[in-house]
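Participant: Before we start, here is the structure in question, set down as structure tokens.
In mature numbering (1 follows the signal peptide of the UniProt record, and there is no 0), the protein residues as written are -19 to -1, 1 to 508.
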């Protein structure tokens, strides 16, 4: 049974009454624990039950945990992200170890209105960080990579401060002015591919990228005016893990090639543009290169595709006709395209070829081949969801029981079938999705990058530090290349994320599998 709160008058009194009154005992912080009778009264109070149209509670730190019970020691069901809000009960349930009170939230759990969250909808963080991740798109934020060592400003810097904190700035700006068009060149990206409600691609992207102005390019919302919370200094508390005093101008510096998610952009002192990251810090856009994400995607197996099928991972791949023991080129094989196979193969002049359904042949070295296992695992029954991942094939297939519903090419650990404890290989075995994050900062070791990558999209951990996630920094699917994680294109990563269990509740940024959220989807990884 979910807990309910004691009446508000009783709750307030509990904070101020001495321990000897009412038979309650005081905590070291002076907060009074509820007696069994008061706790039962709280359980039965309908004012603690959240409604969709009711009041809300919001996160004012990067992570505001949702607890299984009104107790910090209880399991964490998931979390809200800074600026995000969810419906709550009108009254708190309890005040034990939470000065602002625990509130029940939708669809389950409790959030502590203390340092991590607030019921004050006028809090500066909730007023400032209104841009939420766009879950309808493969790239939930505008992304960029750092092209030159960049300062992470804590507040809007003056021209003098920019010169002070950025080495060779004048030379950099001269180069940027000359090369801006080339540096900011936009290519067609993941968000340009039309999708159906399940996340399946239903068409090809346009040949030309959309027209973007400088503001839109880096996540601007249409106005270049400095927002109220950066005018005349910083008016927001620090929510970054990098702690600085309130008077700081710069927090730290960001290494070249680091990846960032952006939520706004505006013009600063001297006519220079700055982008705001998800933790409310600033980066000059002259140091950033827009990242649009790969347009590669898998296929909806319910729309006429069958196993086996192949995904082309080589850019100069060809089709062949076979004649008199030889092979002759018969056409191009577009990079990233899917090819329906017959299941027949031949070896010609030392090369293994597989037959396409149109009668041509394809070198197996040019493609990642998705096949149905010769024997399905025992859990492939009914409508049970499970993910089949072949390391040798470099393919990922979503199954519902015995029926494949989606197939694509992946990029697993670059050391193939090596020992995951000693090499950059993907762990093998049968696991379940453990935690899901719409975006999260991942350890550099996990994402095959020695630099920081903030807000990696669609991350699903299934074993220790191993996860399925989008990899906007490369376009190399169908070949091993990661440090052990399973890399997918942004389109595929979102498609898998929306399909797996447990789902992320509305307004939450992450969820954990368990008794409340339900079991995670099975992940079956084999050679």
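A virtual CB, placed ideally from N, CA and C, is assigned to each residue, including glycine. Just so we're clear, the structure is a prediction, and the values are computed from it rather than from any experiment.
Start and end of the alpha helix (DSSP H) containing residue 153?
Facilitator: Counted from its first residue, the chain shown places residue 153 at position 172. Residue 153 -> alpha helix (DSSP H) spans 150 to 164.
Participant: Would you mind stating whether residue 279 and residue 457 have Cβ atoms separated by less than 7 Å?
Facilitator: One-based indexing of the chain shown puts residue 279 at position 298. One-based indexing of the chain shown puts residue 457 at position 476. It is not a contact, given that the beta carbons lie outside the stated cut-off.
Participant: Could you tell me the distance, in whole angstroms, from the CA atom of residue 282 to the CA atom of residue 500?
Facilitator: Locating residue 282 in the chain shown gives position 301, where the first residue counts as 1. Locating residue 500 in the chain shown gives position 519, where the first residue counts as 1. If you take the alpha carbons of residue 282 and residue 500, they lie about 25 Å apart.
Participant: Enumerate in chain order the residues of its own chain whose CB-to-CB distance from residue 475 is below 6 Å, with the five nearest sequence positions on each side excluded.
Facilitator: The residue labelled residue 475 in the question sits at position 494 within the chain shown. Here the set comprises 119, 180 and 439.
Participant: Taking residue 301 as part of the beta strand (DSSP E), name the residues at either end of that continuous run.
Facilitator: Here the question's residue 301 lines up with position 320 in the chain shown. Element bounds for residue 301: 299 to 304.
Participant: What does a CB cutoff of less than 6 Å around residue 241 pick up in its chain, not counting 5 residues either side in sequence?
Facilitator: Against the chain shown, residue 241 aligns to sequence position 260. Closer than 6 Å at the Cβ level, and outside the excluded window around residue 241, lie 125, 258 and 435.
Participant: In angstroms, rounded to a whole number, what distance separates the CA positions of residue 187 and residue 138?
Facilitator: To locate residue 187, count along the chain shown from 1; it is residue 206. To locate residue 138, count along the chain shown from 1; it is residue 157. For residue 187 and residue 138, the distance between alpha carbons rounds to 39 Å.
Participant: Looking at the secondary structure, which residues open and close the alpha helix (DSSP H) in which residue 477 lies?
Facilitator: Within the chain shown, numbered from 1, the residue matching residue 477 stands at position 496. Residue 477 -> alpha helix (DSSP H) spans 471 to 480.
Participant: My output table needs one value for residue 372: the three-state DSSP class, helix, strand or coil.
Facilitator: For the purposes of this step, residue 372 is taken as residue 391 along the chain shown, with counting starting at 1. In the structure shown, residue 372 sits in coil (DSSP, three-state: anything other than H, G, I, E or B).
Participant: Roughly how many angstroms lie between the CA atoms of residue 13 and residue 232, to the nearest whole one?
Facilitator: Mapped onto the chain shown, residue 13 falls at position 32. Mapped onto the chain shown, residue 232 falls at position 251. In this prediction, residue 13 has a pLDDT of 37, which is less than 50 and means its spatial position is unreliable; what the coordinates show is noted afterwards. Roughly 39 Å separates the two Cα atoms.
Participant: Give, in chain order, every unbroken run of the alpha helix (DSSP H) that is at least 4 residues long and sits entirely within the stretch 396 to 469.
Facilitator: Listed in chain order, there is nothing to give.
Participant: What are the boundary residues of the beta strand (DSSP E) that residue 313 is part of?
Facilitator: Looking up residue 313 in the chain shown gives position 332. Per DSSP, residue 313 belongs to the beta strand (DSSP E) from 307 to 313.
Participant: Which of helix, strand or coil does DSSP assign to residue 492?
Facilitator: For the purposes of this step, residue 492 is identified with residue 511 of the chain shown, where counting begins at 1. Strand, per DSSP.
Participant: Could you check what DSSP says for residue 328 in three-state terms: helix, strand or coil?
Facilitator: Counting from 1 along the chain shown, the entry for residue 328 is found at position 347. Strand.
Participant: Identify, in the order they occur along the chain, each residue of the same chain with its Cβ nearer than 8 Å to the Cβ of residue 33, setting aside the five sequence neighbours on each side.
Facilitator: Residue mapping note: residue 33 aligns to position 52 of the chain shown, counting from 1. Around residue 33: 68 and 87.
Participant: What residue does the alpha helix (DSSP H) around residue 109 start on, and which one ends it?
Facilitator: On the chain shown, position 128 is the one that residue 109 refers to. Per DSSP, residue 109 belongs to the alpha helix (DSSP H) from 105 to 109.
Participant: Reducing DSSP to helix, strand and coil, say where residue 172 ends up.
Facilitator: Counting from 1 along the chain shown, the entry for residue 172 is found at position 191. In this structure, residue 172 counts as helix in the three-state DSSP scheme.
Participant: What does a CB cutoff of less than 6 Å around residue 504 pick up in its chain, not counting 5 residues either side in sequence?
Facilitator: Working through the chain shown from its first residue, we reach residue 504 at position 523. Correct list, in chain order: 368, 412 and 443.
Participant: Should the stretch 444 to 464 be called in touch with the stretch 249 to 269, which here means at least 3 C-beta pairs below 8 Å?
Facilitator: No, they do not touch.
Participant: Would DSSP call residue 8 helix, strand or coil?
Facilitator: Position 27 of the chain shown, counting from 1, holds the residue named residue 8. A caution first: residue 8 carries a pLDDT of 34, below 50, which makes its placement in the model too unreliable to give a value.
Participant: Below 6 Å CB to CB, which residues in the same chain sit around residue 170 once its five sequence neighbours on both sides are set aside?
Facilitator: Reading the chain shown from its first residue, position 189 is the one you call residue 170. Within the same chain, residue 170 has close Cβ partners 273 and 274.
Participant: Taking the beta carbon of residue 133 as the centre, do at least 16 other beta carbons fall within 10 Å, making it buried, or is it exposed?
Facilitator: In the chain shown, the residue the question calls residue 133 occupies position 152. Result: buried.
Participant: Counting only runs of 3+ residues fully inside the stretch 249 to 288, write out the beta strand (DSSP E) ranges in chain order.
Facilitator: Taking only runs of at least 3 residues, the beta strand (DSSP E) segments lying wholly in the stretch 249 to 288 are 254 to 258, 263 to 265 and 269 to 272.
Participant: Tell me, please, which residues DSSP counts as bridged to residue 552.
Facilitator: This structure cannot speak to residue 552, because the chain is shown only from -19 to 508.
Participant: Can you tell me where the alpha helix (DSSP H) with residue 58 in it begins and where it stops?
Facilitator: If you number the chain shown from 1, residue 58 lands on position 77. First-last for residue 58: 57 to 61, but that is the beta strand (DSSP E), not the alpha helix (DSSP H).
Participant: Can you give the Cα-Cα distance for residue 271 and residue 113, rounded to whole angstroms?
Facilitator: Locating residue 271 in the chain shown gives position 290, counting from the first residue. Locating residue 113 in the chain shown gives position 132, counting from the first residue. Spanning the two alpha carbons is a distance of roughly 19 Å.
Participant: Would you call the stretch 291 to 310 and the stretch 183 to 200 touching, i.e. three or more CB-CB distances under 8 Å?
Facilitator: With the cut-off at 8 Å, the stretch 291 to 310 and the stretch 183 to 200 do not touch.
Participant: Would you mind stating whether residue 58 and residue 341 have Cβ atoms separated by less than 7 Å?
Facilitator: Indexing the chain shown from 1 puts residue 58 at position 77. Indexing the chain shown from 1 puts residue 341 at position 360. No; because the gap between Cβ atoms is not below 7 Å, this pair is not in contact.
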